[in-house]
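Just so you know, the sequence shown maps onto residues 1 to 537 in UniProt numbering. From the three backbone atoms N, C-alpha and C, an ideal C-beta is built for every residue, glycine too. Every value quoted in this text rests on a predicted model; they were computed, and no experiment measured them. In what follows, a single structure is set out as structure tokens and then discussed.
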Amino acid sequence: MIVTDLKGEVYKATAGYRKRNGSQVFLFAPGSETTNSYNPLDFVRPERGNRTTDIQNIASILVPENTESENSVWQATAQQVLAGAISYVLESPFYKGRRNLGEINSFFNSGTDLQALMKYIKEKEPYLSKFTMESFNSYLSLSDRAAASALLDIQKAMRPFKNERVVAATNMTDMDLRSMKRRPITIYLAPNITDITLLRPLLTLFVQQVMDILTLEHDPNSVPVYFLLDEFRQLKRMDEIMTKLPYVAGYKIKLAFIIQDLKNLDEIYGETSRHSLLGNCGYQLILGANDQATAEYASRALGKRTIRYQSESRTIELMGLPRRTKVEQIRDRDLMMPQEVRQMPENKMILLVEGQRPIFGDKLRFFKTQPFKEAEAYSQTHIPTVPTVDYLPPKPVPATTPAYANAGQEQAEQAEAIKPVTEAKAEEPRAPDQEEAPKEPAPSTSPARVVNPSAFANKKVSAGGTPEPAKAAVPAPEKRTTPVSENDIEKAHNDRVSRLKEVVEREAAGKSPRKRKSLEELFAATVPDPIMEQADR
Numbered sequence: 001m002i003v004t005d006l007k008g009e010v011y012k013a014t015a016g017y018r019k020r021n022g023s024q025v026f027l028f029a030p031g032s033e034t035t036n037s038y039n040p041l042d043f044v045r046p047e048r049g050n051r052t053t054d055i056q057n058i059a060s061i062l063v064p065e066n067t068e069s070e071n072s073v074w075q076a077t078a079q080q081v082l083a084g085a086i087s088y089v090l091e092s093p094f095y096k097g098r099r100n101l102g103e104i105n106s107f108f109n110s111g112t113d114l115q116a117l118m119k120y121i122k123e124k125e126p127y128l129s130k131f132t133m134e135s136f137n138s139y140l141s142l143s144d145r146a147a148a149s150a151l152l153d154i155q156k157a158m159r160p161f162k163n164e165r166v167v168a169a170t171n172m173t174d175m176d177l178r179s180m181k182r183r184p185i186t187i188y189l190a191p192n193i194t195d196i197t198l199l200r201p202l203l204t205l206f207v208q209q210v211m212d213i214l215t216l217e218h219d220p221n222s223v224p225v226y227f228l229l230d231e232f233r234q235l236k237r238m239d240e241i242m243t244k245l246p247y248v249a250g251y252k253i254k255l256a257f258i259i260q261d262l263k264n265l266d267e268i269y270g271e272t273s274r275h276s277l278l279g280n281c282g283y284q285l286i287l288g289a290n291d292q293a294t295a296e297y298a299s300r301a302l303g304k305r306t307i308r309y310q311s312e313s314r315t316i317e318l319m320g321l322p323r324r325t326k327v328e329q330i331r332d333r334d335l336m337m338p339q340e341v342r343q344m345p346e347n348k349m350i351l352l353v354e355g356q357r358p359i360f361g362d363k364l365r366f367f368k369t370q371p372f373k374e375a376e377a378y379s380q381t382h383i384p385t386v387p388t389v390d391y392l393p394p395k396p397v398p399a400t401t402p403a404y405a406n407a408g409q410e411q412a413e414q415a416e417a418i419k420p421v422t423e424a425k426a427e428e429p430r431a432p433d434q435e436e437a438p439k440e441p442a443p444s445t446s447p448a449r450v451v452n453p454s455a456f457a458n459k460k461v462s463a464g465g466t467p468e469p470a471k472a473a474v475p476a477p478e479k480r481t482t483p484v485s486e487n488d489i490e491k492a493h494n495d496r497v498s499r500l501k502e503v504v505e506r507e508a509a510g511k512s513p514r515k516r517k518s519l520e521e522l523f524a525a526t527v528p529d530p531i532m533e534q535a536d537r
């Protein structure tokens, strides 16, 4: 159950009784010293696509777009920029433990140029999501005047989160809204009357987000949820509720809107939407009417009744004899005229039920009915305790701190160091006098030359001409792989450059120490000739 309780009277009169009957009870009173906590960002789904939808819904509630206003273009831009900031705070590692709307407000009031700040963040955190980057780009592409106008709309929408108590109440969440369909939970929305104008966006966000959560999945075995929205006009326009109103009954959700008069609905939703809202209400309870529009609506809703009228006329004829004429008429009359609705006694009420005749009955006073009196008395003596808010210490925007710059520089250096290190491992520098190893020649197919395979063994010829036995080959020691530092890479690179310069200079002067050797020279230097060996013997 969700109850709006601006005066706090409903909580005191019912919370203890409902808790005794197995319901979890929470009091969300932002702006007060004692309140439960609710962080809207905790209910953003992490899946791709769902995350973007939830963020855009939050932004559209905080910065509503009025299509009839001249500033609708800037409002739409402000929505997109605000959504990008929310996405950034949710995914940036620098906001770990600080993901709340208070940080969003600080982001837009950091005292630095917002476009420069976004550009700086894009450079330092290139791993941000596409949605965040595109939202930042949309603001970076604006002119100075357009950017200032959009920023002003965002700062105006985020005013509630300048209050330290509101920030403390929205820093975390201690009530699971998703479990409302599994077990009985009662949440009282009880802002101070003096703060209602400031906190209206937050209350609207709470109601609409709960509605979105409850309608994500259809579960026929879920617990029914009841919205008792007193002072409905105090909430901002909620198009999602108006859209979902015709079919929320299928999700076991019922809503009760309590208003003072119909003009309150017309101011927020317009006359057409008001007719749609009333048409989807199966019960309409009229406790009184203080204005003519509401009285006329109730009179028309009650309908008409048929009344017989009799009239009698008397005439005197020429002879002085009287003559009587009776006329009976049938006319329609309002069941209750507008003035009668306004003059209705205080203890009377009108109940309009869909598909039934209207009911003109007596009001039921809870303080005069024994079962309700006992429940109210128990609640007054067993008011549930509410936690006290913990104020948060002020923290700067991470992107404006030296630690952010150093962290970003370290990440950039690490990314740059990966490439040269891997290149150095792939191509190790050679010694200055090291020559390229000659390729092993292909075996000759000439029949005049007979090759003795044993001649290829590593042999040494003694002075007497007898070859010494070949020694076993000793494996080369394994090279130890040590991490290559940037200084080693730079030194090897400089040595390689200097050697290349020397070779180029010698070639230009005709003093190159290297000459291309012939195949015979290569064979003589590397492979012993078995025929010549036999001749020597």
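{"Query": "Nearest to residue 542 by alpha carbon, out of 220, 117 and 169?", "Result": "No information on residue 542 is available, as it lies outside the stretch 1 to 537 that the chain covers here."}
{"Query": "Comparing alpha-carbon positions, which option in 159, 139, 191 and 153 lies nearest residue 102?", "Result": "159"}
{"Query": "Mind checking whether residue 26 and residue 39 have CB atoms under 9 Å apart?", "Result": "no"}
{"Query": "Identify the continuous alpha helix (DSSP H) that holds residue 237 and give its terminal residues.", "Result": "Run containing residue 237: none; DSSP gives neither H nor E here."}
{"Query": "Just the Cα atoms here: how many angstroms apart are residue 180 and residue 275?", "Result": "30 Å"}
{"Query": "Using a Cβ-Cβ cutoff of less than 8 Å, which residues in the same chain neighbour residue 258 once the five nearest sequence positions on both sides are dropped?", "Result": "228, 229, 230, 231 and 232"}
{"Query": "Could I get the ranges of all uninterrupted beta strand (DSSP E) runs contained in the stretch 325–392, with 3 residues as the minimum, in chain order?", "Result": "348–353 and 359–362"}
{"Query": "Below 8 Å, how does it come out for the stretch 283–298 and the stretch 324–332: are there three or more Cβ pairs, yes or no?", "Result": "no"}
{"Query": "Which residue marks the beginning of the alpha helix (DSSP H) containing residue 164, and which one marks its end?", "Result": "164–169"}
{"Query": "Among the residues of its own chain, which have a CB less than 7 Å from the CB of residue 209, if the five just before and after it don't count?", "Result": "40 and 43"}
{"Query": "Do residue 176 and residue 63 have their CB atoms nearer than 9 Å?", "Result": "no"}
{"Query": "Measure the beta-carbon distance from residue 87 to residue 141 and round it to whole angstroms, keeping in mind my assumption that it falls under 8 Å.", "Result": "That pair is no contact at about 18 Å."}
{"Query": "If I measure Cβ to Cβ from residue 306 and keep anything under 7 Å in the same chain, skipping five residues before and after, which residues do I get?", "Result": "330 and 332"}
{"Query": "Can you find the residues in the same chain that come closer than 6 Å, C-beta to C-beta, to residue 469, ignoring five residues on each side of it along the sequence?", "Result": "Low confidence applies here, because residue 469 scores a pLDDT of 45, under 50, leaving its location unreliable; read the following figure in that light. Answer for residue 469: no residue qualifies."}
{"Query": "Over the uninterrupted alpha helix (DSSP H) stretch that includes residue 14, give me the two end residues.", "Result": "9–20"}
{"Query": "Between which residues of its own chain and residue 56 is the CB-CB distance below 7 Å, once the five residues before and five after are set aside?", "Result": "83"}
{"Query": "Within this structure, are the beta carbons of residue 260 and residue 352 separated by less than 9 Å?", "Result": "no"}
{"Query": "With respect to the beta strand (DSSP E) encompassing residue 27, which residues constitute its N-terminal and C-terminal limits?", "Result": "24–28"}
{"Query": "So, is residue 475 buried or exposed, given that buried needs 16 or more other C-beta atoms within 10 angstroms?", "Result": "Bear in mind that a pLDDT of 43 at residue 475, under 50, signals an unreliable position, so the number given afterwards is only what the model happens to contain. Residue 475 comes out exposed."}
{"Query": "Using the DSSP secondary-structure output, state which residues sit across from residue 306 in a beta bridge.", "Result": "332"}
{"Query": "Would you say residue 255 and residue 268 are within 9 Å of each other, going by their C-beta atoms?", "Result": "no"}
{"Query": "Straight-line CA distance for residue 273 to residue 244?", "Result": "13 Å"}
{"Query": "Give every residue of the same chain whose Cβ lies closer than 7 Å to the Cβ of residue 45, excluding the five residues on either side of it in the sequence, and list them in chain order.", "Result": "51 and 54"}
{"Query": "Report buried or exposed for residue 224, applying the criterion of at least 16 other Cβ atoms within 10 angstroms of its Cβ.", "Result": "exposed"}
{"Query": "Quick check on this structure: which residue in 361, 360 and 377 has the alpha carbon closest to the alpha carbon of residue 368?", "Result": "377"}
{"Query": "CB-CB under 7 Å to residue 94, same chain, minus the five flanking residues each way: which ones, in chain order?", "Result": "398 and 404"}
{"Query": "Between residue 347 and residue 362, which are expected to be in contact by the criterion C-beta below 8 Å, what is the C-beta distance as a whole number of angstroms?", "Result": "6 Å"}
{"Query": "Let me confirm a value: residue 116 is counted as buried when at least 16 other C-beta atoms fall within 10 Å, else exposed. Which label applies?", "Result": "exposed"}
{"Query": "Measuring alpha carbon to alpha carbon, tell me which residue in 3, 1, 12 and 2 is nearest residue 386.", "Result": "12"}
{"Query": "Let me check understanding here. Comparing Cα to Cα, which of 289, 4 and 17 lies closest to residue 380?", "Result": "17"}
{"Query": "Return the CA-CA distance between residue 400 and residue 19, expressed in angstroms with no decimal places.", "Result": "47 Å"}
{"Query": "Assign residue 302 to buried or exposed, taking buried as 16 or more other Cβ atoms, counted over all protein chains shown, within 10 Å of its Cβ.", "Result": "buried"}
{"Query": "Quick check on this structure: which residue in 125, 112, 89 and 118 has the alpha carbon closest to the alpha carbon of residue 406?", "Result": "125"}
{"Query": "Hey, would you say residue 204 sits closer than 9 Å to residue 253, going by beta carbons?", "Result": "no"}
{"Query": "In chain order, what residues of the same chain have a beta carbon less than 7 Å from the beta carbon of residue 14, not counting five sequence neighbours either side?", "Result": "379"}
{"Query": "Does residue 313 come out as helix, strand or coil in the three-state DSSP assignment?", "Result": "strand"}
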